[in-house]
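Colleague: So the sequences go chain by chain: A and B.
Under the working numbering, the residue at position 468 of the first sequence is numbered 468, and the numbers go up by one with no gaps.
Here the working numbering runs 1000 ahead of the position in the second sequence, where the first position is 1.
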Amino acid sequence: MKITTITKLAAAVTAATALMGCLDSDDETSAPSAPFERSLSMAANSNQSVVDLTTISDQTCFDAGECSASGYVFPANATLVPGEDGDDITDLLLATINDAATDAVIVLPKGTFKVNKNVAVSSAQNGLTLVGYGIDQTKLDFIDSPADDGIKVSGANNIVLRDFSVYEAAKNGIKVDQANGVHFNYVSTIWENPLTPEAEEEGYNGIYGLYPVGSQNVLVENSYSKGSSDAGIYVGQTSNIVVRHNVAEHNVAGIEIENSSNADVYENVAFDNTGGLLVFDLDGLDKAFGSNIRIFNNHSYANNLANAGSGFVGYVPKGTGALILASDGVEVYNNQFDDNNGQAIALTSYFLIDDTMEKYTDATVEGSYVPTMMNGWTPITNNIYIHDNAYKNNSSFPDINPETSLLGDVSLAYLAGQNFVMQPVSHPAVVYDGVGELIVNTGAFAALGITPAAYNDTVCIENSINQNTTAGLDLNIAYVYGTDPTETHPVSGDPLNFAADGQTPAPTLRVEEIGSDSQTLMKCSTSPIRLDPSIVTINGNKYGCGTGGDDEATASCNL
Amino acid sequence: MKPFNHLKPLAWSSVIAVSSLLSACGGSGDDAAAPWNIEYKEITVVGNNPSVCTSASDEVNWDALLEANCHNLSDYNLFLDPADATSEPAAPGIPYDMNTQLFTDYASKYRFIFVPPNSSATYSEHEVMDFPVGSVLVKTFTVPQDTSDRDGAEHAMETRLLIHRTNGWEAVPYYWSSEDTAQYLSYGASIPVSTNHKGKELNFNYGIPTKNECTNCHAINPILQDASDNRISIFKPIGPKARYLNWDIDYGSGEVKNQLVKWEEAGILTGAPADKSTIDTAAIFDDSVSIPNLTANELDLAARSYLDINCAHCHRSELTIPEANYSGPAGDSGLRLEFNRDYDTDQRSFGVCKKAVASGADGYPYDVIPGHADKSFLLYRMDIIGGNMMPELGRSEIHSEGVELIKAWIDNMPANDCGLNL
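1. Give the residues from the segment 1202 to 1213 of chain B that approach chain A closer than 9 Å (Cβ to any Cβ), ordered along the chain.
2. Using only the alpha-carbon positions, how far apart do Lys1355 of chain B and Asp1367 of chain B sit?
3. Report the residues of the segment 168 to 192 of chain A with a CB closer than 7 Å to any CB of chain E, ordered along the chain.
4. If distances are taken between C-alpha atoms only, which option among B:Met1157, B:Asn1099, B:Gln1183 comes closest to Asn1049 of chain B?
5. Using a Cβ-Cβ cut-off of less than 9 Å, give me the residues of the segment 1340 to 1364 of chain B that come near chain A, in sequence order.
6. Check whether chain B comes within 8 Å of Gly548 of chain A, counting only Cβ atoms and requiring the distance to be less than that.
7. What are the start and end residues of the beta strand (DSSP E) that includes Tyr234 of chain A?
8. Return the residue from the list A:Tyr208, A:Phe62, A:Thr470 that minimises the CA-CA distance to Gly311 of chain A.
9. For Ala199 of chain A, which residues from the same chain have a beta carbon less than 6 Å from its beta carbon, with the 5 sequence-adjacent residues on both sides left out?
10. So is Ala311 of chain A in contact with chain B if we call contact Cβ pairs under 8 Å?
11. Cβ atoms of Lys523 of chain A and Ile461 of chain A: under 8 Å apart, would you say?
12. What are the start and end residues of the alpha helix (DSSP H) that includes Tyr385 of chain A?
13. State the Cα-Cα distance for the pair Ala302 of chain A and Leu407 of chain A, rounded to the nearest angstrom.
14. With a Cβ-Cβ cutoff of 8 Å, do Phe1112 of chain B and Gly1093 of chain B count as a contact?
15. Cβ of Met1389 of chain B less than 8 Å from any chain A Cβ?
16. Rounding to the nearest angstrom, what Cα-Cα distance links Ala555 of chain A and Val51 of chain A in this structure?
17. Can you confirm whether Ser228 of chain A, when its beta carbon is compared against all beta carbons of chain B, has any partner nearer than 8 Å?
18. Please work out which residues of its chain come closer than 8 Å, Cβ to Cβ, to Ala499 of chain A, disregarding the five sequence neighbours upstream and downstream, and give them in chain order.
19. Ignore the nearest five residues each way along the sequence and tell me which others in Gly1331 of chain B's own chain have a CB closer than 8 Å to its CB.
20. Chain B beta carbons: is any one of them nearer than 8 Å to that of Ser261 of chain A?
21. What's the gap between the Cα of Ala34 of chain A and the Cα of Ser1108 of chain B?
22. Return no unless some Cβ of chain B is closer than 8 Å to the Cβ of Pro402 of chain A.
23. Along the segment 255 to 289 of chain A, what residues have a CB closer than 7 Å to any CB found in chain B?
24. Is there a C-beta anywhere in chain A that falls below 8 Å from the one on Glu1392 of chain B?
25. I think Leu1393 of chain B touches Asn335 of chain A, with their Cβ atoms under 8 Å apart; what is that distance to the nearest whole Å?
26. For the alpha helix (DSSP H) that contains Ser411 of chain A, what are its first and last residues?
27. Let's see if you can read the secondary structure: which residues bound the alpha helix (DSSP H) around Asp63 of chain A?
28. Can you tell me whether DSSP reads Gly311 of chain A as helix, strand or coil?
29. Rounded to a whole number of angstroms, what is the C-alpha to C-alpha distance between Ile255 of chain A and Ala248 of chain A?
30. Output needed for Ser1396 of chain B: all residues of its chain with C-beta closer than 8 Å, excluding positions within five of it in sequence on either side, in chain order.
31. If I follow the unbroken alpha helix (DSSP H) through Met374 of chain A, where does it start and stop?
32. Which one or two residues does DSSP pair with Glu1170 of chain B in a beta bridge?
33. From the DSSP secondary-structure annotation, give me the bridge partner or partners of Gly1207 of chain B.
34. Quick check: what's the CA-CA separation for Thr320 of chain A versus Val430 of chain A?
35. Spatial neighbours of Asp177 of chain A within its chain, please: C-beta separation below 6 Å, excluding the five flanking residues on both sides.
36. Compile a chain-ordered list of the residues in the segment 89 to 100 of chain A whose CB is closer than 9 Å to at least one CB of chain B.
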């Protein structure tokens, strides 16, 4: 193993005028930085799932400095960045990375270190492995870095980031953009300041934590994110994804998959976020829409944090276990949802974000969605299969403020007993807006090839497991809007799902108790076809549930 | 089309900083200017200087440029005075200037193009000229003592070389670690400086980017097509495009000439239209332009030029990139601001009534809300420092004139509140 050998950099402060012969006696020396501590906190809750990310797998090897806590053995040709606990290693780290060739292995030192500048990695370091001594053994503190991401990788392939933590980045924690082959393993991104709207005004918390985007073959495992004002663990505009064994705590969005295809998200723990597990399709992106996303065997609990985010993530209602927005082709199964005070699962169309109908039908209005719809994006959530999930004591205190919650109006209406049967009910644990399906059924999008056949009977719920223990709390499932445009009121005969103008959708709030799967509201006529498993290939290794993947035979992959 | 028909002063013929400083220090001059100091950071370049970097000749060291990141800028013999990379390029170097520039904390920039003898660049209508292997683009950044007097006292901060090597373009950055020496610095630095801008003293840390950070702006990235698509990014120059060069500058000795014509005469450019007035040209925009006095067309052209050079190197999509399936690093944000994108048919790409995909801020619901610059997220990000600012590197100060320009552009659009009932 070689050690980077640039001389410790003496910050000689010299006045230009001194060179010219007029000495400035005001030589400044930088003030010694205050001692700092960075700690990694882990899941601790009455419902906790224990995900241990900090165990030292081989103490002897670790003590000898030959491998990381998780057992990665540093290769002989690795370059070691020197550093003593507490050092500022900015220059040494950046010199090592910027002059590294392809396929380099760079080892970060053990301890807590200041890094005061964005760490950029380019295609010149294709195949880079950046490794520390462990997720709680090597901590890079970006608190004094004035702007930008902590680490940013762009346009390089087969990048491995493992066994270290990034603290207090000004913008995103670790961003990886347009890379084929990204492996996060035992990595964390942390902002320690409590995430509140007030703190966010001051910019104390960064945006995304682990942030691969526009990529292929992304594996995020055994990693942790806390304090992100957007998504803690995010994968966007990417195909072939495995996100497993991670912990997302105290972010606005815990784990989010956006405009992505072929993603398996399993054995993760999300808690104390605003929303635990999110699947979004947003409009206007190069990768216009996602598909084939499986969310299974996760534990999403107590995601009741007030929303401190802005932009799209600012719409997430607090108390949401999982939120699926404008997405097509998502299977959610065998998950455990506990103590999410809003709803365990929300399925919503884009119309709850923007209900200006002409934007979806008229290409000439400003801000029209028609161009992006012609690329295949739709505002509708469809082809959703939710089954074998367990629900315990969710939906007790939904967010009823329409200013802060996408579902505020809906939740208030349910609690006010204004549902279809005019009776007070427990707030639904699973809520589907239905309005997208209703609008499709009017034929509004026929010109774009969006016809009712592909959208009816495609949101399906089966085999729900009721674990409620709270007295009087029913496990309910709900449609906010009826989906049949021709439906009429049983007494008056007026159109039931539209206001008097005959055009504005009117909510009817249908609700039904799931009980032991007796519900019919979202039981499809036939069970949908299961989605295919995903596979991630990095440096020739295959990961995940797909054929040849390292988890192919595990219980989770065979649920 | 050239709406602002004036000439820029000949910056590179300015008196160099050294002599100006002499009169500014010690209080012996007739104006009692405050001492104007700079901190030099001592750096060490790893390893031995490659042997090709030592040349007995005083001609441009083309071999070294092609092969090696020499320890000192002077090893390449690009300038007659090795202590001054702001003027007097060695033959065949030619100075050039941009009509609208990327903002870098009010730094002055001195640009030079070196094309190897007996070769030439091929004209491109929208993209950077197709420069032959061996070409070098040189940009020296200085901090002026007073931005209103860019020919006056200044400190050289860094000189960046973009070299077209056999395997593609490479950034080779140099830091002026003393008055007379620029050393190779791959890992960046942050240097406290001050400058006076329109009567206000600005004190900030001048950021010298790392070698890799250069690619943040200079790369186009593959839009990966499938799991086996292993393409990587391509490094490209940004500035020397026809639209930024198609105007007259003063070459000294009374030679005032269109830069494309100058390049043709020097034999380093072929294929440009004979009639330069047919070339779509960016505005001449600098900090002295009076924005309220611009006509609607001038304002639009200036804003589009500014957004192009400051944003579109990242915020561009495959639509405007010749290589198939590449985008700018921020092409996936959905915000695309290229000069050659048609605004009228693609307003959403310019952020009109478009929500930001990644991040947001309370009170700024869309990137651009026509007539409501004060609620437009695009302008918000130009008007902050740190954290979520845009551009994301290269500045520690707000470009007030740029903010004013884009504010005026948004406020002068036909009002449309994007359905927000503003």
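C-beta: ideal position from N, C-alpha, C; glycine also.
Being a predicted model, the structure only gives us computed values, none of them experimental.
Modeller: Taking the coordinates as given:
1. Asn1205, Gly1207, Pro1209, Thr1210, Lys1211, Asn1212, Glu1213
2. Taking the second sequence and counting its residues from 1, one reaches residue 1355 of chain B at position 355. Taking the second sequence and counting its residues from 1, one reaches residue 1367 of chain B at position 367. Rounded to the nearest angstrom, the two C-alpha atoms are 6 Å apart.
3. Absent from the structure is chain E; the protein chains it does hold are A and B.
4. Counting from one through the second sequence, the residue named residue 1049 of chain B turns up at place 49. Closest option to Asn1049 of chain B, Cα to Cα, is B:Gln1183.
5. Asp1346, Gln1347, Arg1348, Ser1349, Val1352, Cys1353, Lys1354, Lys1355, Ala1356, Val1357, Ala1358, Ser1359, Gly1360, Ala1361, Asp1362, Gly1363, Tyr1364
6. Translated into positions along the first sequence, residue 548 of chain A becomes position 548. Closer than 8 Å: no.
7. Mapped onto the first sequence, residue 234 of chain A falls at position 234. Note, Tyr234 of chain A: beta strand (DSSP E), 231 to 236.
8. In the first sequence, residue 311 of chain A corresponds to position 311, counting from 1. Among A:Tyr208, A:Phe62, A:Thr470, the Cα nearest to that of Gly311 of chain A is on A:Tyr208.
9. Along the first sequence, one-based indexing puts residue 199 of chain A at 199. So the list reads Asn193, once near-sequence residues are dropped.
10. For the purposes of this step, residue 311 of chain A is taken as the residue at position 311 of the first sequence. Note on identity: in this sequence residue 311 of chain A is Gly, with Ala being the wrong assignment. So yes, Gly311 of chain A belongs to the interface.
11. Locating residue 461 of chain A in the first sequence gives position 461, where the first residue counts as 1. Locating residue 523 of chain A in the first sequence gives position 523, where the first residue counts as 1. In contact: Ile461 of chain A and Lys523 of chain A (Cβ atoms closer than 8 Å).
12. As a first step, residue 385 of chain A is located in the first sequence; it is residue number 385 there, counting from the start. Premise fails: Tyr385 of chain A lies in the beta strand (DSSP E), 382 to 387, not in any alpha helix (DSSP H).
13. Counting from 1 along the first sequence, the entry for residue 302 of chain A is found at position 302. Counting from 1 along the first sequence, the entry for residue 407 of chain A is found at position 407. Each residue's Cα considered, the two are about 18 Å apart.
14. As a first step, residue 1112 of chain B is located in the second sequence; it is residue number 112 there, counting from the start. As a first step, residue 1093 of chain B is located in the second sequence; it is residue number 93 there, counting from the start. For Phe1112 of chain B and Gly1093 of chain B, yes; Cβs fall inside 8 Å.
15. Residue numbering aside, residue 1389 of chain B sits at position 389 when the second sequence is read from its first letter. Closer than 8 Å to some Cβ of chain A, the Cβ of Met1389 of chain B qualifies, so yes.
16. As a working note, residue 555 of chain A is residue 555 in the first sequence. As a working note, residue 51 of chain A is residue 51 in the first sequence. The alpha-carbon atoms of Ala555 of chain A and Val51 of chain A are separated by roughly 17 Å.
17. In the first sequence, the residue the question calls residue 228 of chain A occupies position 228. No - not a single Cβ of chain B is within 8 Å of the one on Ser228 of chain A.
18. Position 499 of the first sequence, counting from 1, holds the residue named residue 499 of chain A. Answer for Ala499 of chain A: Pro505, Ala506, listed in chain order.
19. The residue given as residue 1331 of chain B occupies position 331 in the second sequence. So the qualifying residues of the chain are Asn1221, Ile1223, Cys1314, His1315, Arg1316, Ser1317, Glu1318.
20. In the first sequence, counting from the first residue as 1, residue 261 of chain A sits at position 261. Closer than 8 Å: no.
21. Translated into positions along the first sequence, residue 34 of chain A becomes position 34. Translated into positions along the second sequence, residue 1108 of chain B becomes position 108. A caution first: Ala34 of chain A carries a pLDDT of 35, below 50, which makes its placement in the model too unreliable to give a value.
22. Taking the first sequence and counting its residues from 1, the one referred to as residue 402 of chain A is at position 402. Output row for Pro402 of chain A: interface = no.
23. Under the 7 Å Cβ criterion, the segment 255 to 289 of chain A contributes Leu282, Gly284, Leu285, Asp286.
24. Counting from one through the second sequence, the residue named residue 1392 of chain B turns up at place 392. Interface residue, yes.
25. The residue you call residue 1393 of chain B lines up with position 393 of the second sequence. The residue you call residue 335 of chain A lines up with position 335 of the first sequence. With a Cβ gap of about 40 Å, Leu1393 of chain B and Asn335 of chain A do not count as contacting.
26. The count along the first sequence starts at 1 and reaches residue 411 of chain A at position 411. Residue range 408 to 415 is occupied by the alpha helix (DSSP H) that includes Ser411 of chain A.
27. In the first sequence, residue 63 of chain A corresponds to position 63, counting from 1. That run of the alpha helix (DSSP H) goes 59 to 63.
28. Within the first sequence, the letter at position 311 stands for residue 311 of chain A. Looking at Gly311 of chain A - three-state DSSP - the assignment turns out to be helix.
29. Position 255 of the first sequence, counting from 1, holds the residue named residue 255 of chain A. Position 248 of the first sequence, counting from 1, holds the residue named residue 248 of chain A. Each residue's Cα considered, the two are about 7 Å apart.
30. Locating residue 1396 of chain B in the second sequence gives position 396, where the first residue counts as 1. Closer than 8 Å at the Cβ level, and outside the excluded window around Ser1396 of chain B, lie Asp1105, Phe1204, Asn1205, Tyr1206, Gly1207, Ile1385.
31. Taking the first residue of the first sequence as position 1, residue 374 of chain A is located at position 374. Segment 370 to 374, the alpha helix (DSSP H) holding Met374 of chain A.
32. Within the second sequence, numbered from 1, the residue matching residue 1170 of chain B stands at position 170. In the DSSP secondary-structure assignment, Glu1170 of chain B is bridged to B:Ile1163.
33. Counting from one through the second sequence, the residue named residue 1207 of chain B turns up at place 207. Bridge partners of Gly1207 of chain B: B:Ser1190.
34. Position 320 of the first sequence, counted from the start, is the residue given in the question as residue 320 of chain A. Position 430 of the first sequence, counted from the start, is the residue given in the question as residue 430 of chain A. For Thr320 of chain A and Val430 of chain A, the distance between alpha carbons rounds to 10 Å.
35. Taking the first residue of the first sequence as position 1, residue 177 of chain A is located at position 177. Closer than 6 Å at the Cβ level, and outside the excluded window around Asp177 of chain A, lie Ser154, Val213, Gly214.
36. Within the segment 89 to 100 of chain A, those residues whose Cβ lies closer than 9 Å to any Cβ of chain B are, in chain order, Thr90, Asp91, Leu92, Leu93, Leu94, Ala95, Thr96, Ile97, Asn98, Asp99.
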